[in-house]
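Enquirer: Have a look at the structure that comes next, please.
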Ligand SMILES: [Zn+2]
């Protein structure tokens, strides 16, 4: 097998972070993996890089300024305050605001951006970043242990050079953050192979195929518990083969989430180390520029085994590794067998029931058959604008971004509707995207009308796969005045609630008592600054006395721009 130039990113500090002592995500696994790779003598055969940490500006190529700014400021002490009691940015305990969070994100993202640059510059054939692969992070919200989406940032970097990027995700969980980011473009094809059904994040059915220009370019392979190497390969081979054939990618990004291995603490598949690494071997053989990223993986010793073995696969030396593990500082972790292997177990392969696998394969092949081969890209357009702008991420392109937000919101809405039949409100998720937005109060484009206080958004926990209601804000309310949706307001962290029964603002403990009538006051200014400052208003300046009853809103509406 011919040689490949492998670049390997590793920052010695990355293993020192702790999400929380009992948290399943252990950054320490990166250190254990690295030590094993080192003990096998692989570092000498790769270009080992300590990548530059990603700057906040680099992160805003995908994430909103507001969210990145939040991540750079939040501490365990300010966490509740800055998230409005876990109603935005970090909504569940899945994503704690741990000490050094931003540094951790900047290492993970820096490694993936660097990997992309190395391929693009031609200095490596394969670039590895085991600290990356955090595929659940959203544009303005953390999810499933992921805060900054290093994968999206890496792919954006690749799109400067390459016409078509194939993203393949073999984590046990759906690669929702990456799919969502590129849902409306044909320049990135995403293919996620994951467990689906009462399982985080709940998305990734075969009905989710992309939208607009991206229609057909999101491929989902939803599986059941206990998939074996054999079953996995029986779908991976034909589907990926067909993708390569039809899409003709110029570069491949492989997310090697290790929670699809047998015996994972959160995963439910039954892949052996060999079955998992097969995907790496497959793409090495294809011989396109390749980025290999980490991802999930919660049985730490198996994560270290698999990623060590897969590093060897990238180098093409896997057959030379001694199956007896070499001594490392963490040797004890690998007991009782001390072998470089992750074995399958005797769990039932639920995918074999009722020819489920055949049906999924057939549906995926049909989707791919319907595609136009190798969509051409107006590459000459790309240099004139940033890639983000090209795809509609551009900060300066309000319209492009609104359109993208809208389509992403529509997709999320579709998925949530499928998933949560009782979530009847057809615009709830669109609005949750919208109100989280740093530009949502800019008052530009379509804003929906709402007669009632909006129900909270729903979020699933990756830890227990339960769905939680996230209130729109803590102890507050917001609503739109009929006919003038622009005037909707929020009251963060006030104890006031809008009582639908009495049609009045209520304070707990003050039953059915209307609040003092608001004094019309600097209205237009406070409407514009719908941000952290709102909280101060609410908490200190007696906002309830300032603007609280519905009649005041009506006054607002009538007198907008006319006060003083
Ligand atoms: Zn996962």
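Numbering (full-length UniProt numbering), first residue to last: 1 to 564. Note that CB positions come from ideal geometry on N, CA and C, so glycine has one too.
Report the residue from 273, 210 and 317 whose alpha carbon sits nearest the alpha carbon of residue 371.
Expert: As a first step, residue 371 must be located in the chain shown, where it is residue number 371. Among 273, 210 and 317, the Cα nearest to that of residue 371 belongs to 210.
Enquirer: Identify the residues that DSSP records as bridge partners of residue 460: which are they?
Expert: The count along the chain shown starts at 1 and reaches residue 460 at position 460. Looking at the DSSP assignment, residue 460 forms a beta bridge with 467.
Enquirer: Once DSSP output is grouped into helix, strand and coil, what is the label at residue 176?
Expert: If you number the chain shown from 1, residue 176 lands on position 176. Three-state result, residue 176: helix.
Enquirer: Looking at the structure shown, is residue 569 part of a helix, part of a strand, or coil, going by DSSP?
Expert: Here the chain covers residues 1 to 564 and nothing more, so residue 569 does not appear.
Enquirer: Leaving out five residues before and five after residue 483 in sequence, what residues of the same chain have Cβ atoms less than 7 Å from its Cβ?
Expert: Your numbering for residue 483 matches position 483 in the chain shown. Because the pLDDT at residue 483 is just 35, under 50, the model does not fix this residue reliably, and the value given afterwards should be weighed accordingly. Result list for residue 483: empty, nothing under 7 Å.
Enquirer: Specify whether the segment 343-360 and the segment 45-56 touch according to this definition: at least 3 beta carbon pairs, one from each stretch, less than 8 Å apart.
Expert: no
Enquirer: Is residue 173 a contact residue of ligand 1, with contact defined as CB to any heavy atom under 8 Å?
Expert: Sequence index remark: in the chain shown, residue 173 carries index 173 (1-based). It does: the Cβ of residue 173 is within 8 Å (strictly closer) of some heavy atom of ligand 1.
Enquirer: Could you tell me which whole beta strand (DSSP E) segments of length 3 or greater appear in the segment 225-262?
Expert: 251-255
Enquirer: Relative to the C-alpha of residue 299, which residue among 23, 6 and 9 is closest?
Expert: Stepping through the chain shown from its first residue, residue 299 is reached at position 299. Cα-wise, what sits closest to residue 299 is 23.
Enquirer: For residue 15, which three-state DSSP category applies?
Expert: As a working note, residue 15 is residue 15 in the chain shown. It is helical.
Enquirer: Within its chain, find whatever has a CB closer than 6 Å to the CB of residue 460; leave out the 5 residues flanking it on each side and keep chain order.
Expert: Numbered from its first residue, the chain shown carries residue 460 at position 460. Hits under 6 Å: 200, 201, 202 and 467.
Enquirer: Is DSSP giving residue 308 helix, strand or coil here?
Expert: As a first step, residue 308 is located in the chain shown; it is residue number 308 there, counting from the start. Helix at residue 308.
Enquirer: Using DSSP with H/G/I as helix, E/B as strand and the rest coil, what is residue 61?
Expert: Looking up residue 61 in the chain shown gives position 61. Reduced to three states, the DSSP call for residue 61 is coil.
Enquirer: Consider the C-beta atom of residue 295 and the heavy atoms of ligand 1; say whether any pair is separated by less than 8 Å.
Expert: Position 295 of the chain shown, counted from the start, is the residue given in the question as residue 295. Yes, the beta carbon of residue 295 sits closer than 8 Å to at least one heavy atom of ligand 1.
Enquirer: If I follow the unbroken beta strand (DSSP E) through residue 292, where does it start and stop?
Expert: The count along the chain shown starts at 1 and reaches residue 292 at position 292. Counting along the chain, the beta strand (DSSP E) containing residue 292 begins and ends at 290-293.
Enquirer: Between the alpha carbons of residue 362 and residue 122, how many angstroms are there, rounded?
Expert: As a first step, residue 362 is located in the chain shown; it is residue number 362 there, counting from the start. As a first step, residue 122 is located in the chain shown; it is residue number 122 there, counting from the start. Those two C-alpha atoms are separated by around 37 Å.
Enquirer: Is residue 462 near ligand 1 - that is, is its Cβ less than 8 Å away from at least one heavy atom of it?
Expert: Position 462 of the chain shown, counted from the start, is the residue given in the question as residue 462. Under cutoff, so the answer is yes.
Enquirer: Taking just the CA atoms, how far does residue 46 sit from residue 312?
Expert: Within the chain shown, numbered from 1, the residue matching residue 312 stands at position 312. Within the chain shown, numbered from 1, the residue matching residue 46 stands at position 46. Between residue 312 and residue 46, the C-alpha separation is close to 10 Å.
Enquirer: Considering only C-alpha positions, which residue in the set 367, 167 and 224 is nearest to residue 283?
Expert: Counting from 1 along the chain shown, the entry for residue 283 is found at position 283. For the set 367, 167 and 224, the Cα lying nearest the Cα of residue 283 is the one of 167.
Enquirer: Whether or not the segment 142-159 and the segment 105-118 are in contact is what I'm after, with contact meaning three or more pairs of Cβ atoms, one per stretch, closer than 8 Å; do they touch?
Expert: Result yes; three or more Cβ-Cβ pairs closer than 8 Å.
Enquirer: For a test of your reading of the model: does the CB of residue 266 fall under 8 Å from any non-hydrogen atom of ligand 1? Yes or no.
Expert: Residue mapping note: residue 266 aligns to position 266 of the chain shown, counting from 1. Checking the Cβ of residue 266 against ligand 1 gives yes.
Enquirer: My output table needs one value for residue 7: the three-state DSSP class, helix, strand or coil.
Expert: Within the chain shown, the letter at position 7 stands for residue 7. In this structure, residue 7 counts as strand in the three-state DSSP scheme.
Enquirer: What residues are listed by DSSP as bridge partners for residue 165?
Expert: Taking the chain shown and counting its residues from 1, one reaches residue 165 at position 165. DSSP output for residue 165 lists 188 and 251 as bridge partner(s).
Enquirer: For residue 263, verify whether its CB is less than 8 Å away from any heavy atom of ligand 3.
Expert: Within the structure as shown, ligand 3 is missing, the only ligands being ligand 1.
Enquirer: Answer with buried or exposed for residue 224, where buried requires no fewer than 16 other C-beta atoms within 10 angstroms of its C-beta.
Expert: Looking up residue 224 in the chain shown gives position 224. The residue in question, residue 224, is buried, as its Cβ has 16 or more Cβ neighbours within 10 Å.
Enquirer: Since residue 348 is in the alpha helix (DSSP H), which residue starts that stretch and which ends it?
Expert: Here residue 348 is taken as the residue at index 348 of the chain shown, counted from 1. Where residue 348 is concerned, there is no enclosing alpha helix (DSSP H), given that its DSSP letter is neither H nor E.
Enquirer: Can you grab the Cα-Cα spacing for the pair residue 321 / residue 332, in whole Å?
Expert: Within the chain shown, residue 321 is the residue found at index 321, counting from 1. Within the chain shown, residue 332 is the residue found at index 332, counting from 1. Between residue 321 and residue 332, the C-alpha separation is close to 19 Å.
Enquirer: For the pair the segment 192-199 and the segment 170-180, tell me if three or more CB-CB distances fall below 8 Å.
Expert: yes
Enquirer: Please report the distance separating the alpha-carbon of residue 106 from that of residue 220.
Expert: If you number the chain shown from 1, residue 106 lands on position 106. If you number the chain shown from 1, residue 220 lands on position 220. When only Cα atoms are considered, residue 106 and residue 220 end up about 29 Å apart.
Enquirer: Is the segment 224-239 touching the segment 129-139, taking contact as three or more C-beta pairs under 8 Å?
Expert: no
Enquirer: Check whether the Cβ atoms of residue 108 and residue 49 sit closer than 9 Å, and answer yes or no.
Expert: Translated into the one-based positions of the chain shown, residue 108 becomes position 108. Translated into the one-based positions of the chain shown, residue 49 becomes position 49. No, they are not a contact pair.
Enquirer: Can you tell me whether residue 259 sits near ligand 1, meaning its C-beta is under 8 Å from at least one heavy atom of the ligand?
Expert: Mapped onto the chain shown, residue 259 falls at position 259. The beta carbon of residue 259 sits closer than 8 Å to at least one heavy atom of ligand 1.
Enquirer: Mind checking whether the beta-carbon of residue 144 lies closer than 8 Å to any heavy atom of ligand 1?
Expert: Reading the chain shown from its first residue, position 144 is the one you call residue 144. Result yes, Cβ under 8 Å from ligand 1.
Enquirer: According to DSSP, is residue 36 part of a helix, a strand, or is it coil?
Expert: For the purposes of this step, residue 36 is taken as the residue at position 36 of the chain shown. It is helical.
Enquirer: Given a threshold of 16 other Cβ atoms within 10 Å of its Cβ, counted over all protein chains shown, does residue 27 qualify as buried or as exposed?
Expert: Position 27 of the chain shown, counting from 1, holds the residue named residue 27. Residue 27 is buried by the Cβ-count criterion.
Enquirer: Between which two residues does the beta strand (DSSP E) carrying residue 218 extend?
Expert: Position 218 of the chain shown, counting from 1, holds the residue named residue 218. From DSSP, the beta strand (DSSP E) with residue 218 extends over 218-223.
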